[in-house]
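What follows is one structure encoded as structure tokens, with my remarks underneath.
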Amino acid sequence: MSRTAASSRLRTALAAAVPPCAVLVACVCAWQAAVWVFRPGEYLLPSPIQVAQEAWDSRATLARAAWLTGLSAAGGFAIAACTGVLAGSVLAASRFLMRGLYPIATLLQMVPLVAIAPLLVVWCGYGWRTSVASAAIVSVFPVLASTLDGMRGTDRGLVELFGTLRAGRVQRWWKLELPWAIPSIVTGLRVAAGLSVIGAIVGEFVGAFAGNASPVGIVILSALREHRTELVFAAVLTAAVVGFVLFGLVSALGWVALRRWHASVG
Amino acid sequence: MTWHHRAVRPLGIFGARALAAAALASIVCGCGDGRAPAKPGSGAAPVPPEAPALRPVRLQLNWMPEPEFGGIYAAKQDGLFARAGLDVEIIAGSAGTPTAQMTASGQVEFGIVGGDQVLTLREKGGDLVGLFAIFHTSPMGVMVRADAPWKSLQDLWASDATVAMETGLPFVRYLNQKYPGARVKLVPTGTGLAAFEQGIVQAQQCFISAEPVQMELKGIPVRVFSLADGGYDPYTVTVATSAAFLAKDREACAAFVRALREGWRRYLAEPAKYNPAIAKLNPGMTVAAMDVAAAKQHDLVAPPGTGANEVGMMERARWQTLARQLQELGTIKAAPAVIDDVFWNAP
Amino acid sequence: MPDAITVSGVRRAFDDGTVALDGTTLSVERGSVAVLVGPSGCGKTTLLRILAGLDAPDAGTASVAPVAGEGAARVSIAFQEPRLLPWRSALRNVALPLELARAAKADRDDRARAMLSLVGLGGAERKLPGQLSGGMRMRVAIARALVTRPQVLLLDEPFGALDEITRHQLDDLVLRLRAELGMTVVLVTHAITEAAYMGDRVFVMAPSPGRVVRAFEPGFGMRDAALRASPRFAAVVADLMQSLAGAMLAVPAGGVRA
Chain S
0 MSRTAASSRL RTALAAAVPP CAVLVACVCA WQAAVWVFRP GEYLLPSPIQ
50 VAQEAWDSRA TLARAAWLTG LSAAGGFAIA ACTGVLAGSV LAASRFLMRG
100 LYPIATLLQM VPLVAIAPLL VVWCGYGWRT SVASAAIVSV FPVLASTLDG
150 MRGTDRGLVE LFGTLRAGRV QRWWKLELPW AIPSIVTGLR VAAGLSVIGA
200 IVGEFVGAFA GNASPVGIVI LSALREHRTE LVFAAVLTAA VVGFVLFGLV
250 SALGWVALRR WHASVG
Chain H
0 MTWHHRAVRP LGIFGARALA AAALASIVCG CGDGRAPAKP GSGAAPVPPE
50 APALRPVRLQ LNWMPEPEFG GIYAAKQDGL FARAGLDVEI IAGSAGTPTA
100 QMTASGQVEF GIVGGDQVLT LREKGGDLVG LFAIFHTSPM GVMVRADAPW
150 KSLQDLWASD ATVAMETGLP FVRYLNQKYP GARVKLVPTG TGLAAFEQGI
200 VQAQQCFISA EPVQMELKGI PVRVFSLADG GYDPYTVTVA TSAAFLAKDR
250 EACAAFVRAL REGWRRYLAE PAKYNPAIAK LNPGMTVAAM DVAAAKQHDL
300 VAPPGTGANE VGMMERARWQ TLARQLQELG TIKAAPAVID DVFWNAP
Chain U
0 MPDAITVSGV RRAFDDGTVA LDGTTLSVER GSVAVLVGPS GCGKTTLLRI
50 LAGLDAPDAG TASVAPVAGE GAARVSIAFQ EPRLLPWRSA LRNVALPLEL
100 ARAAKADRDD RARAMLSLVG LGGAERKLPG QLSGGMRMRV AIARALVTRP
150 QVLLLDEPFG ALDEITRHQL DDLVLRLRAE LGMTVVLVTH AITEAAYMGD
200 RVFVMAPSPG RVVRAFEPGF GMRDAALRAS PRFAAVVADL MQSLAGAMLA
250 VPAGGVRA
């Protein structure tokens, strides 16, 4: 890539970042102003300055929490990604299975995670297993659905081509349907990446060890109990950062995977 | 948040707790601030026809209706609140109900909060005032199975047992400070009693008068270590109001507390008379279990020798001790400048 | 030369009642180029799909004779669209049939590379389909069809979507490949000039029901640009056009004039 192309791409990226940043700054300013004007009480709504101060003061705690929660979320995401793609592939392969199982899979998505989280503890025990399982459960459905969608949209002509070439079912899946579905799968994975952090935290609410190194969920629970609302906000922001990083990683991987697609489609 | 000091439901109540942040948001937005007065005459008490209009007030519980609130329901059932000119709407809560914030912000006139929460919230600008301490001695405890090897909290804390304790509870900090180098593994209480029953956790925070009773009734014998005996004895179940409400309507507060005190006197004397009505409001607990719980909690509410007019009374020294302990634990930065602002014993 | 393809009394009716083919009979000599030409609905594509094994006749037989000593007959088909995998390079697209047949990687790459250079895309091995022109994509598709060295190559209106100059180039490419590789070619087209130019034998087909109404041998030896400009080519085209016009009006046995 030439230097001018690189710098113009950088400029485009920066330009794209301006509107969301502006909105963000405006929101934070409005928040601060609202706290100054209405004085709701720190216990109800801390100001962004207080939150920032708390985040800085508790940076070691929050960094450890982010790391632990990030690991759980990433683990759950990885499990969900594999399971979702495989399950989606199986459903896509059989009209019968799809008719029978897809509605059930949809129902599973409706089950409130908070209700089954305590059961996860009983099944998986305390510690990372529960938060990983919880993260996997919330993020599996978008992967499954996007895989199914992508595969069902496989070009009929290519399916026919594979038929004339006497491809086996597994070959057709691995060499045609799976790569064909990748743009759709990447979309599902990006949704799943964000959800996995929420899932991990919900799991931590019931099933994590509360010690010197506590994950985000435990930090939030403790802060709530101690009325440290500003730490609650700081922890929630930490969770958002973890989610954003995961989302970014998945998007970057997706971009690499899709480069070939973009090159050929675009 | 006004976490109850045990957060133990059979299963799954944790959702409410986890969603407390949402509840907090609703207070901030004022969405939950339905200022409609409580419906008059909604209680069981017959109101004399010539009585003046009752003043509607709300009392937010932080748990399901249980014997720990027995005196409140007794006062309601016997028309004591009505006689005091109040129509009290008792609102059941759960582990996630942010009663401290609701009370401090005036969304409800009265709320059940932990004594420590009065102090932590005050430091964050929520001016709560304790009016009535239901338990003179903290009912908090840690239960283990009867055949567990630990003889004391110190034993337990030195073990590598998994202990379900409410996350962020000052008492955990207290024990960690008292028994340094703890190996015990602390986990949240969100699974209710299931994890304890399954043996996944070996020790569980409880109210001495409640969960152990449930376990015994299920045929699981347990032993309980009292936290009060361990040196940390806050007013665990405190009826509180906001400083603003108290300043505005001291007389209503006093009338409310007097009715409450009489209600408790009656409940302590004859819990069986009131438990069936409470059990109707809480299908999760049988009347029999409530009777046992009421018997177990009697001396915690009113230790032997407590005068009829002393139930619920708070001691200045106890609040001071709590403030000092919380400060030492780092839960609050400084003790309140004037400890008498923190509580008010109605005459 | 013996016949590579024998079609005898083939009937194919679809569920909606359309009779795509009825009583269709023809044979194609090994190593020749046979063209099926006719208006839409004459069943030419259906016949091709039956030969490719993508469809089966309701009655009659259609068979591709294997070359002695080479086992089962190998038939390849190229469609109206190139049908390339967009995420695969040209080389890997061409290698696909070998890959699906589990050929060794080195071997299939060699063969795919050789076939790509044979269709004139020696330098485009690493290009993705999206980076190629329409004509180049079709060359890749033909290379893919030929990489297994089929005995019969079926072409289903392969160049219909291309501009005329490109189409002429690809027609010449097919003829050259036929000369070099010696396979039998069956080309389906609705372009009369293409039919006249390509066919060693041209089968004119008519619709409702689809059938062969005329078998015809233009008799050109060498094909080149000069031929396209020659009066004898124009005469063959005119003859074919007349046949086709007649085919549109022809009434099948037992049919009713519309």
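Protein chains in written order, with numbering that gives the first Met the number 0: chain S, 0 to 265; chain H, 0 to 346; chain U, 0 to 257. Note that beta-carbon positions come from the ideal geometry of N, C-alpha and C, so glycine has one too. This structure is a prediction, so every number in the text was calculated from the model and none was measured.
Put simply, the backbone Cα of alanine 72 (chain S) is about 9 Å away from that of valine 241 (chain S). Contacts with chain S (Cβ-Cβ distance below 7 Å) from the stretch 136-160 of chain U involve no residue at all. Listed in chain order, the alpha helix (DSSP H) elements of length 4 or more contained wholly in the stretch 96-159 of chain U are 104-117, 133-145. With distances taken between CA atoms, leucine 226 (chain U) lies nearest to U:His167 out of U:Ala190, U:Ser242, U:His167. The Cβ-Cβ distance between threonine 161 (chain H) and glutamine 201 (chain H) falls below 8 Å. Assigned with DSSP and collapsed to three states, phenylalanine 219 (chain U) falls in coil, not helix or strand. Distance from the Cα of alanine 74 (chain H) is smallest, within the candidate group H:Leu245, H:Val117, H:Tyr266, for H:Tyr266. In this chain, the beta strand (DSSP E) harbouring glutamate 88 (chain H) covers 85-90.
The continuous beta strand (DSSP E) containing leucine 130 (chain H) extends over residues 127-132. Leucine 177 (chain S) has its alpha-carbon roughly 14 Å from the corresponding atom of glycine 167 (chain S). The straight-line gap separating the alpha-carbon atoms of phenylalanine 215 (chain U) and aspartate 57 (chain U) is approximately 27 Å. Counting of Cβ neighbours within 10 angstroms places glutamate 250 (chain H) among the exposed residues, the total staying below 16. Cβ neighbours of glutamine 153 (chain H) within its own chain (closer than 7 Å, five residues either side excluded): Tyr178. Here phenylalanine 68 (chain H) has Leu60 as same chain residues with Cβ atoms under 7 Å from its own Cβ, once five neighbours each way along the sequence are excluded. Collapsing the DSSP output to three states places isoleucine 76 (chain U) in a strand. Judged by DSSP secondary structure, glutamine 203 (chain H) falls within the beta strand (DSSP E) whose first and last residues are 202-206.
Contiguous alpha helix (DSSP H) elements confined to the stretch 158-217 of chain S occur at 168-171, 177-206, taking only those with 4 or more residues.
Under the Cβ distance rule, leucine 252 (chain S) does not count among the residues neighbouring chain U, no pair being separated by less than 8 Å. One alpha carbon belongs to serine 26 (chain U), the other to valine 201 (chain U), and they sit about 11 Å apart.
In the structure shown, phenylalanine 13 (chain U) falls within a coil segment according to DSSP collapsed to helix, strand and coil. Secondary structure of methionine 204 (chain U) (DSSP, three-state): strand. Methionine 214 (chain H): member of the alpha helix (DSSP H) spanning 210-216, first to last residue. Contact between the stretch 93-100 of chain U and the stretch 157-171 of chain S is established, with three or more Cβ pairs separated by less than 8 Å. In the DSSP annotation of this structure, the continuous segment of the beta strand (DSSP E) that includes alanine 61 (chain U) starts and ends at 58-63. Within the same chain, and ignoring the five residues on either side of threonine 192 (chain U) in sequence, the residues whose Cβ sits closer than 6 Å to its Cβ are Val236. Against chain U, the CB of arginine 227 (chain S) has no partner CB under 8 Å away; the residue lies outside that interface. The Cβ neighbour count for cysteine 28 (chain S), taken over all protein chains shown within 10 Å, is under 16; the residue is labelled exposed. When beta bridges are read from the DSSP output, phenylalanine 109 (chain H) appears opposite H:Leu58. Under the Cβ criterion of 8 Å, alanine 51 (chain U) is counted among the residues facing chain S. Neighbours of leucine 160 (chain S) in chain U, taken as residues whose beta carbon is under 8 Å from its own, are Phe78, Arg82 in chain order.
For the C-beta of glutamate 176 (chain S), not a single chain H residue is nearer than 8 Å; the gap to the nearest is close to 39 Å. Chain S places no beta carbon closer than 8 Å to that of alanine 276 (chain H), leaving this residue out of the contacts. Within the stretch 98-162 of chain S, the complete alpha helix (DSSP H) segments at least 4 residues long are 112-123, 127-151, listed from N- to C-terminus.
For the pair serine 104 (chain H) and glycine 216 (chain S), the Cα-to-Cα distance works out to about 26 Å.
About 12 Å separates the beta carbons of glycine 69 (chain S) and valine 131 (chain S), which is beyond the 8 Å limit, so they are not a contact pair. Within 8 Å of the CB of leucine 95 (chain U), the CB atoms of chain S belong to Leu164, Lys174, in sequence order along the chain.
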